[in-house]
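Visitor:
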Amino acid sequence: MYRHGVLEAEGFPVDELSERLRDQDVTVWVDLCGPSQADLVEIADELGLHELAVEDALHPHERPKLDRYDTHCFLSAYAVRLDGPSGELVTSELSAFLTRQALVTVRADDRFDMGVVTARWDESPQLAGNGVGFLAHGLLDAVVDSHFEAVQALDDHIEELEDLLFSDHPDSRDMQRRALELRKSLVLLRRVVLPMREVVNALMRHEQVNDSMMPYYQDVYDHVLRATEWTESLRETVATIRETQLNIQSNRLNLIMKKVTGWAAIIAVPTAITGFYGQNVPYPGYDQPWGFWVSTVAILLVSGGLYALFKRRDWL
Numbered sequence: 001m002y003r004h005g006v007l008e009a010e011g012f013p014v015d016e017l018s019e020r021l022r023d024q025d026v027t028v029w030v031d032l033c034g035p036s037q038a039d040l041v042e043i044a045d046e047l048g049l050h051e052l053a054v055e056d057a058l059h060p061h062e063r064p065k066l067d068r069y070d071t072h073c074f075l076s077a078y079a080v081r082l083d084g085p086s087g088e089l090v091t092s093e094l095s096a097f098l099t100r101q102a103l104v105t106v107r108a109d110d111r112f113d114m115g116v117v118t119a120r121w122d123e124s125p126q127l128a129g130n131g132v133g134f135l136a137h138g139l140l141d142a143v144v145d146s147h148f149e150a151v152q153a154l155d156d157h158i159e160e161l162e163d164l165l166f167s168d169h170p171d172s173r174d175m176q177r178r179a180l181e182l183r184k185s186l187v188l189l190r191r192v193v194l195p196m197r198e199v200v201n202a203l204m205r206h207e208q209v210n211d212s213m214m215p216y217y218q219d220v221y222d223h224v225l226r227a228t229e230w231t232e233s234l235r236e237t238v239a240t241i242r243e244t245q246l247n248i249q250s251n252r253l254n255l256i257m258k259k260v261t262g263w264a265a266i267i268a269v270p271t272a273i274t275g276f277y278g279q280n281v282p283y284p285g286y287d288q289p290w291g292f293w294v295s296t297v298a299i300l301l302v303s304g305g306l307y308a309l310f311k312r313r314d315w316l
């Protein structure tokens, strides 16, 4: 519980909320990690939360959004983290109720570290007097920063993939697997980041965000836009890498086919000449030493000429 922006009490029972919130100078933050339906219903009864918002908080996989009700707003968002070795994106769903004097955060598990949020609140005590608007800003700032860090980490992974693309001996199967994993992570990240523009924009128009907090919300909105644009750019980059890989494989296949065709043409010359001189009928030079030397010289001249021609045209 904060009074005039100063932390005054912690760890008090939920059933004291109504009594404490009678003081208009008080702001309360309640954090619920893995709550049961009864726990959330108790909070809803104390703060007068809408049943639809409570239902959304209890059900997983809600889309990022901001719903407005008569006495409060319901916020749904996702913090993300990129698993370095696998390149898989890990999401942490987070819901929040914003009333005039209270912020209630609901987490399904402890994958999202609320210590990061409280650290941001502690870094700006001069803004704590702005009440729920200040608390909501710290929460959103931590969530959006996780998006930004994930995009940056994905960018680093994609740069490594680009280096592998032009290596002397690329592992095509490994590249395809990594490209698919990165593309899946980017699709999931886009699904999480893109709606945040509407969420932050709608929250900026909320009565809880006063003129003092507006520049800070504008900064968060700017980070959302940058993360969104960066995500879209990376999706196009991964698609380009895949197309480039296919083109490189096609060019290498064409080069191999040219070499195989060139050597096949060279080998066809001695095959044809020896086949002619291997007939069981009399022919010029039959049973004569000079016939052997004529066929040998013909093979060397024609084969050598074809080899020089193909080599000059870079077919071998």
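For the sequence shown, counting from 1, position 92 maps to 92 in this note's numbering; every step adds exactly one. Built from N, CA and C at the ideal position, the CB exists for glycine as well. Source: prediction; values computed, not measured.
1. What residue range does the alpha helix (DSSP H) around ASP144 cover?
2. Check the DSSP bridge columns for ASP25 and list the partner residues they point to.
3. Residues in its own chain within less than 8 Å of ILE158 by CB, not counting five upstream and five downstream?
4. Taking just the CA atoms, how far does VAL260 sit from LEU246?
5. Out of SER18, LEU188 and ALA202, state which residue places its alpha-carbon closest to the alpha-carbon of GLY87.
6. Drop a sphere of 10 angstroms on the beta-carbon of MET374, count the other beta-carbons inside from all chains shown, and report buried for 16 or more, exposed for fewer.
7. So the alpha helix (DSSP H) GLU88 belongs to, where does it begin and stop?
8. Within 10 angstroms of its Cβ, does PHE112 collect 16 or more other Cβ (buried), or is it exposed?
9. Check whether the region 51-70 touches the region 188-205, taking contact to mean three or more Cβ pairs, one atom from each stretch, closer than 8 Å.
10. Under the assumption that ALA136 contacts SER95 (Cβ atoms under 8 Å), give the Cβ distance between them as a whole number of angstroms.
11. Going by CA-CA distance only, name the one from TYR78, ALA119 and ARG100 that's closest to ARG107.
12. Going by CA-CA distance only, name the one from ASP145, LEU89 and PRO35 that's closest to SER185.
13. Is TYR216 helix, strand or coil when you go by DSSP?
14. Would you kindly work out how many angstroms separate the C-alpha atoms of GLY138 and ARG177, rounded to a whole number?
15. Which whole-angstrom value describes the C-beta separation of GLY318 and ASN210, a residue pair presumed to lie in contact below a C-beta threshold of 8 Å?
16. If I measure Cβ to Cβ from ALA317 and keep anything under 6 Å in the same chain, skipping five residues before and after, which residues do I get?
17. Quick check: what's the CA-CA separation for GLU160 versus ALA227?
18. Is the separation between the beta-carbon of LEU301 and that of ILE266 shorter than 9 Å?
19. What's the gap between the Cα of VAL14 and the Cα of ASP156?
20. Please confirm whether LEU40 and LEU52 have their CB atoms less than 9 Å apart.
21. From which residue to which residue does the alpha helix (DSSP H) around ASP39 run?
22. Nearest to THR105 by CA position, among LEU82, SER124, CYS73 and ASP314, is which residue?
23. Measuring alpha carbon to alpha carbon, tell me which residue in LEU98, ASP83 and PHE97 is nearest THR91.
24. Whole-angstrom Cβ separation of VAL379 and VAL144, contact assumed at under 8 Å?
25. Here's a check: name, in chain order, each residue in its chain whose Cβ is nearer than 7 Å to the Cβ of ASP110, leaving out the five neighbours to either side.
26. So VAL199 and LEU75 are supposed to be a Cβ contact under 8 Å. How far apart are they, rounded?
27. Since ALA44 and VAL54 are thought to touch, with beta carbons under 8 Å apart, how far apart are those beta carbons, to the nearest angstrom?
28. If we count the other Cβ atoms within 10 Å of its Cβ and call it buried at 16 or more, is TRP29 buried or exposed?
29. CA-CA distance, SER295 and LEU309?
30. Would the C-beta of THR244 count as close to the ligand ATP, meaning under 8 Å from any of its heavy atoms?
31. In the DSSP assignment, the beta strand (DSSP E) including ARG120 goes from what residue to what residue?
32. Going straight from the alpha carbon of GLU93 to that of PRO60, what length do you get?
33. In the DSSP assignment, the alpha helix (DSSP H) including ASP211 goes from what residue to what residue?
Guide: Checking against the coordinates, here is how it stands:
1. The residue you call residue 144 lines up with position 144 of the sequence shown. Note that residue 144 is Val in the sequence shown here, rather than Asp. Going by DSSP, VAL144 is part of the alpha helix (DSSP H) stretching over 132-165.
2. What you label residue 25 is simply residue 25 of the sequence shown in a count that begins at 1. Looking at the DSSP assignment, ASP25 forms no beta bridge with any residue, so it has no partner.
3. Taking the first residue of the sequence shown as 1, we reach residue 158 at position 158. Closer than 8 Å at the Cβ level, and outside the excluded window around ILE158, lie LEU182, LEU234, THR237, VAL238 and ILE241.
4. Counting from one through the sequence shown, the residue named residue 246 turns up at place 246. Counting from one through the sequence shown, the residue named residue 260 turns up at place 260. In a straight line, the C-alpha of LEU246 is about 21 Å away from that of VAL260.
5. Walking along the sequence shown from the start, residue 87 turns up at place 87. Ranking SER18, LEU188 and ALA202 by Cα distance to GLY87 puts LEU188 first.
6. With the chain represented from 1 up to 316, any question about residue 374 goes unanswered, as that position is not in the structure.
7. Here residue 88 refers to the residue found at position 88 when the sequence shown is read from its first residue. If you look at GLU88, you'll find it isn't in any alpha helix (DSSP H); DSSP assigns it neither H nor E.
8. Here residue 112 corresponds to residue number 112 of the sequence shown, with the count starting at 1. So PHE112 counts as buried.
9. yes
10. As a position in the sequence shown, residue 136 is number 136, starting the count at 1. As a position in the sequence shown, residue 95 is number 95, starting the count at 1. Not confirmed; about 13 Å, so no contact.
11. In the sequence shown, counting from the first residue as 1, residue 107 sits at position 107. Residue TYR78 is the option with its Cα nearest to ARG107.
12. For the purposes of this step, residue 185 is identified with residue 185 of the sequence shown, where counting begins at 1. When each option's Cα is compared against that of SER185, the closest is LEU89.
13. Here the question's residue 216 lines up with position 216 in the sequence shown. Helix.
14. Position 138 of the sequence shown, counted from the first residue, corresponds to residue 138. Position 177 of the sequence shown, counted from the first residue, corresponds to residue 177. The alpha-carbon atoms of GLY138 and ARG177 are separated by roughly 37 Å.
15. The requested residue 318 is not part of the displayed model; the chain covers only 1 to 316.
16. No answer is possible for residue 317: it lies beyond the span of the chain, which begins at 1 and ends at 316.
17. Counting from one through the sequence shown, the residue named residue 160 turns up at place 160. Counting from one through the sequence shown, the residue named residue 227 turns up at place 227. Each residue's alpha carbon lies about 20 Å from the other.
18. In the sequence shown, counting from the first residue as 1, residue 301 sits at position 301. In the sequence shown, counting from the first residue as 1, residue 266 sits at position 266. If you check the CB distance, LEU301 and ILE266 do not come in under 9 Å.
19. One-based indexing of the sequence shown puts residue 14 at position 14. One-based indexing of the sequence shown puts residue 156 at position 156. The alpha-carbon atoms of VAL14 and ASP156 are separated by roughly 45 Å.
20. What you label residue 40 is simply residue 40 of the sequence shown in a count that begins at 1. What you label residue 52 is simply residue 52 of the sequence shown in a count that begins at 1. Not a contact, by the Cβ cut-off of 9 Å.
21. Against the sequence shown, residue 39 aligns to sequence position 39. Annotation: the continuous alpha helix (DSSP H) that includes ASP39 extends over 37-47.
22. Translated into the one-based positions of the sequence shown, residue 105 becomes position 105. Comparing Cα positions, the closest option is CYS73.
23. Residue 91 sits at position 91 when you count from the first residue of the sequence shown. Ranking LEU98, ASP83 and PHE97 by Cα distance to THR91 puts ASP83 first.
24. Residue 379 lies beyond the range of the chain shown here (1 to 316); nothing can be said about it.
25. Taking the sequence shown and counting its residues from 1, the one referred to as residue 110 is at position 110. The answer, listed in chain order, is CYS33.
26. The residue labelled residue 199 in the question sits at position 199 within the sequence shown. The residue labelled residue 75 in the question sits at position 75 within the sequence shown. Confirmed, about 7 Å.
27. Locating residue 44 in the sequence shown gives position 44, where the first residue counts as 1. Locating residue 54 in the sequence shown gives position 54, where the first residue counts as 1. Indeed they touch by this definition, with Cβ atoms about 5 Å apart.
28. The residue labelled residue 29 in the question sits at position 29 within the sequence shown. Flag for TRP29 reads buried.
29. Start at 1 with the first residue of the sequence shown, and residue 295 comes out as number 295. Start at 1 with the first residue of the sequence shown, and residue 309 comes out as number 309. Whole-angstrom Cα-Cα distance: 21 Å.
30. The ligand ATP is not part of this structure, which contains no ligands at all.
31. For the purposes of this step, residue 120 is taken as residue 120 along the sequence shown, with counting starting at 1. From DSSP, ARG120 is part of no beta strand (DSSP E) but of the alpha helix (DSSP H) over 114-123.
32. Within the sequence shown, numbered from 1, the residue matching residue 93 stands at position 93. Within the sequence shown, numbered from 1, the residue matching residue 60 stands at position 60. Roughly 7 Å between the two C-alpha positions.
33. Taking the first residue of the sequence shown as 1, we reach residue 211 at position 211. Neither: ASP211 is in no alpha helix (DSSP H) and is coded neither H nor E.
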